[in-house]
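**Student:**
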Amino acid sequence: MNIKYDPKSPKAEEFISHREVLETLEYAEKSKNDAGLIGSILEKARQRRGLSHREASVLLACELPEKNEEIFALANQIKNDFYGNRIVLFAPLYLSNYCVNGCVYCPYHIKNRHIPRKKMTQEEIRREVIALQDMGHKRIAIEAGEDPVNNPIEYILESIDTIYSIRHKNGAIRRVNVNIAATTVENYKKLKEAGIGTYILFQETYNRENYEKLHPTGPKHDYAYHTEAMDRAMLGGIDDVGLGVLFGLENYRYEFAALLMHAEHLEAVFGVGPHTISVPRIRPADDIDPSSFDNSISDDIFAKIVACLRISVPYTGIIVSTRESKATRERVLHLGVSQISGGSKTSVGGYAEPEPEDEESAQFEVSDRRTLDEIVRWLMELGFVPSFCTACYREGRTGDRFMKLCKSGKIQYCCHPNALMTLKEYLEDYAAPETKAVGDALIQRELATIPSEKIRQIVTGNLLKIGQGMRDFRF
Ligand code: SF4
Ligand code: SF4
0 MNIKYDPKSP
10 KAEEFISHRE
20 VLETLEYAEK
30 SKNDAGLIGS
40 ILEKARQRRG
50 LSHREASVLL
60 ACELPEKNEE
70 IFALANQIKN
80 DFYGNRIVLF
90 APLYLSNYCV
100 NGCVYCPYHI
110 KNRHIPRKKM
120 TQEEIRREVI
130 ALQDMGHKRI
140 AIEAGEDPVN
150 NPIEYILESI
160 DTIYSIRHKN
170 GAIRRVNVNI
180 AATTVENYKK
190 LKEAGIGTYI
200 LFQETYNREN
210 YEKLHPTGPK
220 HDYAYHTEAM
230 DRAMLGGIDD
240 VGLGVLFGLE
250 NYRYEFAALL
260 MHAEHLEAVF
270 GVGPHTISVP
280 RIRPADDIDP
290 SSFDNSISDD
300 IFAKIVACLR
310 ISVPYTGIIV
320 STRESKATRE
330 RVLHLGVSQI
340 SGGSKTSVGG
350 YAEPEPEDEE
360 SAQFEVSDRR
370 TLDEIVRWLM
380 ELGFVPSFCT
390 ACYREGRTGD
400 RFMKLCKSGK
410 IQYCCHPNAL
420 MTLKEYLEDY
430 AAPETKAVGD
440 ALIQRELATI
450 PSEKIRQIVT
460 GNLLKIGQGM
470 RDFRF
């Protein structure tokens, strides 16, 4: 079938044209040792203008060692220029693992009869949120399987309300991102009204044929409905959307090119690219063996994907979860990752009390099992500033407003002070004494780097007030 490629089309098969992806891969393969072309692509990337999916695919395929070095160095540079040394922290909260879909890579698939099915009541959610607040989290991503009977939109909305309403000691969840199945414009409007941050939906794979095999049953089988979900989310008023693929299901170069085509489509149609991109790799889980998927990628390729994404979409946050080990996370933090999860549980419940062994309901095995406090200290010892900032959407800086600030570089004036003030809150309320000592010293050093004297004075004053018990300052 000869389907045209059109980034502005509302149809999935046209904005993620299979033929265009294949031609891109062919072009990248042909150009992978073309030092002149790669040099000129890198030159464009140095101007921070981002790259097209074709250009980025050439970099991903590049086999020239010295050019690869340049790619990694540039990714690191762009990360520093746009995101400084800050890393935003969040945690997932699984509400329910009831699911009517048949995804073959996920243990929540409908045919799995032995995994315990759980759906938290509002009281259980309350307890989990208090436990998350007591860890120090301010930003969470809620997750739920697709099940119109057990997890209707009303349940999700009620849960969001519950989460935002809980005030325990100095704790508060200030941003709820939502990762639920593709839905209607009407339901996206309701999520927007509920005050969600980012709507996240992983594509899993962009290859339609493979997608249909991997999703043999259930509403998720419909490739077009799933792939066009972000368009509906935008039409519903959600202007911060998070893309992602599950690396390991399909040839990674295919996914990479298509992921960028999706980003280009959103930019072309709505004037705003994705707010975040997640890069999960398939992990072991209840009845899932990652070795049964033959497209798994090495740590080196994973690092290259992150670096090439950083260069190609400099204004889009990159998220890495606890699926990845401490060592892998450390490597990619330098290449462009701007958000990580910490202290995560991937089961339904499990923050307030650990799940009994015979009732485990995890969606995948966590690789990085450290506590949030260990992660905070580790980040600081690596020279990063852990941030619990949630300021933007609370200040109405979403969608194109956010992107304009980002592109002008002005967002830095908000991110850095907000990182210091939210870190201070964490240190005062939740940190172990050694973490607090490391953090207080870091804040003093970082304060001195704020270029504007006026802002430095405001932040210094706010830090003092935080020490006296006041909370929630932001720019
Ligand atoms: S990936 Fe999502 S939709 Fe698929 S089975 Fe798991 S929870 Fe359900
Ligand atoms: S100021 Fe905005 S962009 Fe910066 S860390 Fe906070 S929420 Fe993120």
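Residue numbers (numbering that gives the first Met the number 0): 0 to 474.
Here a beta-carbon is modelled for each residue, glycine too, at the ideal position from N, C-alpha and C.
1) Pop quiz: Thr421 and Asp239 are said to be a contact at Cβ under 8 Å. What is the actual Cβ separation, rounded to whole angstroms?
2) Kindly examine ligand 1 and report whether one of its heavy atoms sits closer than 7 Å to the Cβ of Gly144.
3) By the DSSP assignment, the beta strand (DSSP E) with Gly35 in it spans what residues?
4) Output the residues surrounding ligand 2, defined as those with a CB atom closer than 5 Å to any ligand heavy atom, in chain order.
5) Quick check for students: name the residue ranges of the alpha helix (DSSP H) that lie wholly in the segment 211–297, counting only runs of 4 or more.
6) Using the three-state DSSP reduction, which class does Leu88 fall into: helix, strand or coil?
7) When you compare each of Glu28, Ile129, Glu22 and Val57 to Ser479 by their alpha carbons, which one comes out closest?
8) Report the CB separation of Ile304 from Leu59 in whole angstroms; it is logged as a contact under 8 Å.
9) Closer than 6 Å by C-beta to Ala267: which residues in its own chain qualify, once you throw out the five before and the five after it? Chain order, please.
10) Roughly how many whole angstroms lie between the Cα atoms of Ala130 and Ala326?
11) Following the continuous alpha helix (DSSP H) through Asn477, name the residue where it begins and the one where it ends.
12) Specify, as a first and last residue, the run of the alpha helix (DSSP H) that Gln443 falls within.
13) So, at 7 Å on beta carbons, what are the nonlocal neighbours of Pro313 in its own chain, with the 5 sequence-adjacent residues on each side left out?
14) Entirely within the segment 338–379 and at least 4 residues each: give me those alpha helix (DSSP H) ranges in chain order.
15) Of all the options Ile457, Leu308 and Arg393, which has the alpha carbon lying nearest to the alpha carbon of Tyr251?
16) Is Pro385 helix, strand or coil when you go by DSSP?
17) Run through DSSP, which three-state label would Glu142 get?
18) Any idea which residues DSSP pairs His167 with across the strands?
19) Take Ile465 and list the residues in its own chain whose beta-carbon comes closer than 8 Å to its own, dropping the five residues that flank it on each side.
20) I'd like the list of long-range same chain contacts for Gly438, defined as Cβ closer than 7 Å, with 5 residues on each side in sequence excluded.
21) Who are the near neighbours of Thr23 in its chain, counting only those whose CB is closer than 7 Å to its CB and skipping five residues on each side?
22) Measure the beta-carbon distance from Ser343 to Ala72 and round it to whole angstroms, keeping in mind my assumption that it falls under 8 Å.
23) Go through its chain and collect everything with a Cβ distance to Ile37's Cβ below 6 Å, but skip five positions before and after it.
24) With distances taken Cα to Cα, identify the nearest neighbour of Ile159 among Val148, His167 and Ile172.
25) Quick one: is the Cβ of Tyr107 within less than 7 Å of any heavy atom of ligand 1?
26) Give me the residue from Ala44, Val99, Cys413 and Arg112 with the minimum Cα distance to Gly148.
27) With a floor of 4 residues, list each alpha helix (DSSP H) that falls wholly inside the segment 56–116, ordered by position along the chain.
28) Report buried or exposed for Ile463, applying the criterion of at least 16 other Cβ atoms within 10 angstroms of its Cβ.
29) Relative to the alpha-carbon of Thr389, which residue among Phe14, Leu41, Lys10 and Ala140 has its alpha-carbon at the smallest distance?
30) Going by beta-carbon coordinates alone, are Leu332 and Asn294 separated by less than 8 Å?
31) Between which two residues does the beta strand (DSSP E) harbouring Ile129 extend?
32) For Lys3, is the beta carbon positioned less than 7 Å from some heavy atom of ligand 1?
33) When we look at the beta-carbon of Gln443 and count the other beta-carbons within 10 Å, is it buried (16 or more) or exposed?
34) By how many angstroms is the C-alpha of Cys102 removed from the C-alpha of Ile217?
35) Keeping to the same chain, check which residues put their C-beta closer than 8 Å to that of Glu142; ignore five residues upstream and five downstream.
36) Can you tell me whether Gly398 is helix, strand or coil according to DSSP?
**Tutor:** So, from the data block:
1) Residue mapping note: residue 421 aligns to position 422 of the sequence shown, counting from 1. Residue mapping note: residue 239 aligns to position 240 of the sequence shown, counting from 1. Wrong, their Cβ atoms sit about 19 Å apart, outside the cutoff.
2) As a position in the sequence shown, residue 144 is number 145, starting the count at 1. Yes, the Cβ of Gly144 comes within 7 Å of a heavy atom of ligand 1.
3) On the sequence shown, position 36 is the one that residue 35 refers to. Not the beta strand (DSSP E): Gly35 falls in the alpha helix (DSSP H), residues Ala34 to Arg45.
4) Cys388, Ala390, Cys391, Cys413, Cys414 and Asn417
5) 222–226, 228–234 and 251–269
6) Numbered from 1 along the sequence shown, position 89 holds the residue referred to as residue 88. Looking at Leu88 - three-state DSSP - the assignment turns out to be strand.
7) Lying outside 0 to 474, the shown extent of the chain, residue 479 is not represented and no answer is given.
8) Counted from its first residue, the sequence shown places residue 304 at position 305. Counted from its first residue, the sequence shown places residue 59 at position 60. With a Cβ gap of about 7 Å, Ile304 and Leu59 count as contacting.
9) Numbered from 1 along the sequence shown, position 268 holds the residue referred to as residue 267. Excluding positions up to five away in sequence, the list reads Pro6 and Lys7.
10) Taking the sequence shown and counting its residues from 1, the one referred to as residue 130 is at position 131. Taking the sequence shown and counting its residues from 1, the one referred to as residue 326 is at position 327. Near 27 Å, if we compare the C-alpha coordinates of Ala326 and Ala130.
11) Look at the range of the chain in this structure, 0 to 474, and you will see that residue 477 is not part of it.
12) Walking along the sequence shown from the start, residue 443 turns up at place 444. Taken as a continuous stretch (DSSP letters only), the alpha helix (DSSP H) holding Gln443 covers Pro432 to Leu446.
13) Along the sequence shown, read from residue 1 onward, the residue named residue 313 stands at position 314. Cβ neighbours of Pro313 beyond the five flanking positions: Arg47, Gly49, Ile77 and Phe81.
14) none
15) For this step, residue 251 is matched to residue 252 along the sequence shown. With distances taken between Cα atoms, Tyr251 lies closest to Leu308.
16) Taking the first residue of the sequence shown as position 1, residue 385 is located at position 386. Residue state, collapsed to three classes: strand.
17) Along the sequence shown, read from residue 1 onward, the residue named residue 142 stands at position 143. The answer is strand: DSSP assigns Glu142 an E or B state.
18) Locating residue 167 in the sequence shown gives position 168, where the first residue counts as 1. Beta-bridge pairing links His167 to Gly170.
19) Here the question's residue 465 lines up with position 466 in the sequence shown. Closer than 8 Å at the Cβ level, and outside the excluded window around Ile465, lie Met420, Lys423, Glu424, Glu427 and Phe472.
20) Along the sequence shown, read from residue 1 onward, the residue named residue 438 stands at position 439. So the qualifying residues of the chain are Met379, Leu422, Leu426 and Ala430.
21) The residue given as residue 23 occupies position 24 in the sequence shown. Cβ neighbours of Thr23 beyond the five flanking positions: His52, Arg53, Ser56 and Ala256.
22) Position 344 of the sequence shown, counting from 1, holds the residue named residue 343. Position 73 of the sequence shown, counting from 1, holds the residue named residue 72. Actually they are not in contact, since the Cβ atoms of Ser343 and Ala72 sit about 31 Å apart, beyond 8 Å.
23) Here residue 37 corresponds to residue number 38 of the sequence shown, with the count starting at 1. Cys61 and Lys66, listed in sequence order.
24) Here residue 159 corresponds to residue number 160 of the sequence shown, with the count starting at 1. The residue with the shortest Cα to Cα distance from Ile159 is Ile172.
25) Indexing the sequence shown from 1 puts residue 107 at position 108. It does: the Cβ of Tyr107 is within 7 Å (strictly closer) of some heavy atom of ligand 1.
26) Counted from its first residue, the sequence shown places residue 148 at position 149. Here residue 148 is Val; the residue named in the question, Gly, does not match the sequence. With distances taken between Cα atoms, Val148 lies closest to Val99.
27) 64–82
28) Sequence index remark: in the sequence shown, residue 463 carries index 464 (1-based). Note that residue 463 is Leu in the sequence shown here, rather than Ile. It counts as exposed.
29) Taking the first residue of the sequence shown as 1, we reach residue 389 at position 390. Selected option, being the one with the closest Cα: Ala140.
30) Looking up residue 332 in the sequence shown gives position 333. Looking up residue 294 in the sequence shown gives position 295. Their beta carbons are not under 8 Å apart, which means Leu332 does not touch Asn294 by this criterion.
31) To locate residue 129, count along the sequence shown from 1; it is residue 130. Ile129 -> not in any beta strand (DSSP E); alpha helix (DSSP H) instead, spanning Gln121 to Met134.
32) In the sequence shown, residue 3 corresponds to position 4, counting from 1. No.
33) Locating residue 443 in the sequence shown gives position 444, where the first residue counts as 1. Exposed.
34) Reading the sequence shown from its first residue, position 218 is the one you call residue 217. Reading the sequence shown from its first residue, position 103 is the one you call residue 102. Reading off the sequence, residue 217 comes out as Gly, not Ile. Cα to Cα, the separation comes out at about 9 Å.
35) Locating residue 142 in the sequence shown gives position 143, where the first residue counts as 1. The answer, listed in chain order, is Pro91, Leu92, Tyr93, Leu94, Asn178, Ile179 and Gln362.
36) Here residue 398 refers to the residue found at position 399 of the sequence shown. Three-state DSSP puts Gly398 in a helix.
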